[in-house]
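J.: The structure that follows is given in the form of structure tokens.
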């Protein structure tokens with residue numbers, strides 16, 4: 115539903131900004147884990 119989608123996007127945006135301010139994750143970390151990435155909010 116729209117409320118759930120809004121909340122996922124809101125939480126993802128907050129997390130992205132917080133991580134960007136800390137320069138996290140590093141490029142090497144992203145490349146190392148690219149094949150195991152999962153959506154952090156969907157529970158999938």
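In my numbering, the protein residues as written are 115 to 158. C-beta: ideal position from N, C-alpha, C; glycine also.
For residue 141 and residue 125, what's the separation of their Cα atoms in angstroms?
T.: So the two alpha carbons sit approximately 22 Å from each other.
J.: From residue 131 to residue 138, what does the alpha carbon distance come to, in whole angstroms?
T.: Spanning the two alpha carbons is a distance of roughly 10 Å.
J.: Quick one: give me the first and last residue of the alpha helix (DSSP H) that residue 142 is part of.
T.: Element bounds for residue 142: 141-146.
J.: According to DSSP, is residue 160 helix, strand or coil?
T.: Missing from the structure shown is residue 160; the chain here goes from 115 to 158 and no further.
J.: Alpha carbon to alpha carbon, how far is residue 115 from residue 136? Give it in angstroms, no decimals.
T.: So the two alpha carbons sit approximately 32 Å from each other.
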